[in-house]
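Numbered by my numbering, the letters in the sequence shown go through residues 1 to 130 in order. One structure is given below, encoded as structure tokens.
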Amino acid sequence: MCLFAYQMKRIFLGFGFRSEWTFDSFHMRVFKWTPNFDPQIESLIAPVWIRLPALPVHLFEKNALFTLATKIGKPLRIDEPTADLSRPVARVCVEIDVTSPKVQAVHLQIEGKTYRQQVIYEIAHPTVPL
Numbered sequence: 001m002c003l004f005a006y007q008m009k010r011i012f013l014g015f016g017f018r019s020e021w022t023f024d025s026f027h028m029r030v031f032k033w034t035p036n037f038d039p040q041i042e043s044l045i046a047p048v049w050i051r052l053p054a055l056p057v058h059l060f061e062k063n064a065l066f067t068l069a070t071k072i073g074k075p076l077r078i079d080e081p082t083a084d085l086s087r088p089v090a091r092v093c094v095e096i097d098v099t100s101p102k103v104q105a106v107h108l109q110i111e112g113k114t115y116r117q118q119v120i121y122e123i124a125h126p127t128v129p130l
């Protein structure tokens, strides 16, 4: 077990989103430390990327995406193609409890109308059934 201390959140965010690493033949998982961390117990919190297909383009703004993503987990970041609108699907990395049921859709209120927004999980923790 290794403990890395990051002084800047952006360094952790850049490093931590690839949660599994291999050095030579050694496997390592990277995740955010919590006060109740126990190396003998598998972490139940993991970052996963979600896709939001057919999301209205005016909701691709980071604050709007983070507000929407809080219905799924703790939003961590959006990817560059989402930020610069170069892809028609929004991607958000969220931290979720892998033992909780996955949110399949969220409901949005836009100009008095309710819309159902599908949520697609791209990369799952090994204990998260897809």
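Note that CB positions come from ideal geometry on N, CA and C, so glycine has one too.
#1: Would the region 93-107 count as touching the region 69-83 if we require 3 or more Cβ pairs under 8 Å?
#2: Where DSSP assigns a beta bridge to Asp-79, which residues make up the other side?
#3: Note down the Cα distance separating Glu-122 from Lys-102, rounded to an integer number of angstroms.
#4: Since Gln-117 contacts Leu-52 with CB under 8 Å, what's their CB separation in whole angstroms?
#5: Kindly identify the DSSP beta-bridge partner or partners of Arg-51.
#6: Flag this pair as yes or no: are the beta carbons of Leu-65 and Ala-90 separated by less than 8 Å?
#7: So, helix, strand or coil for Gly-108, using DSSP?
#8: If you run the structure through DSSP and keep just helix, strand and coil, what is Lys-113?
#9: Judging by CA-CA distance, which residue of Thr-99, Ser-100 and Lys-62 is the nearest neighbour of Thr-82?
Once the coordinates are examined:
#1: yes
#2: Counting from one through the sequence shown, the residue named residue 79 turns up at place 79. In the DSSP output, where bridge partners are listed per residue, Asp-79 has none listed.
#3: Here residue 122 refers to the residue found at position 122 when the sequence shown is read from its first residue. Here residue 102 refers to the residue found at position 102 when the sequence shown is read from its first residue. Taking the straight line from one Cα to the other gives about 12 Å.
#4: In the sequence shown, the residue the question calls residue 117 occupies position 117. In the sequence shown, the residue the question calls residue 52 occupies position 52. Sure, about 6 Å apart at Cβ, within 8 Å.
#5: Working through the sequence shown from its first residue, we reach residue 51 at position 51. For Arg-51, which the question treats as bridged, DSSP gives the partners Arg-91 and Ile-120.
#6: Against the sequence shown, residue 65 aligns to sequence position 65. Against the sequence shown, residue 90 aligns to sequence position 90. For Leu-65 and Ala-90, yes; Cβs fall inside 8 Å.
#7: Taking the sequence shown and counting its residues from 1, one reaches residue 108 at position 108. Note on residue identity: the sequence assigns Leu, not Gly, to residue 108. It is a strand residue.
#8: Counting from 1 along the sequence shown, the entry for residue 113 is found at position 113. If DSSP states are grouped into helix, strand and coil, Lys-113 belongs with the strands.
#9: If you number the sequence shown from 1, residue 82 lands on position 82. Of Thr-99, Ser-100 and Lys-62, the residue nearest in Cα terms is Lys-62.
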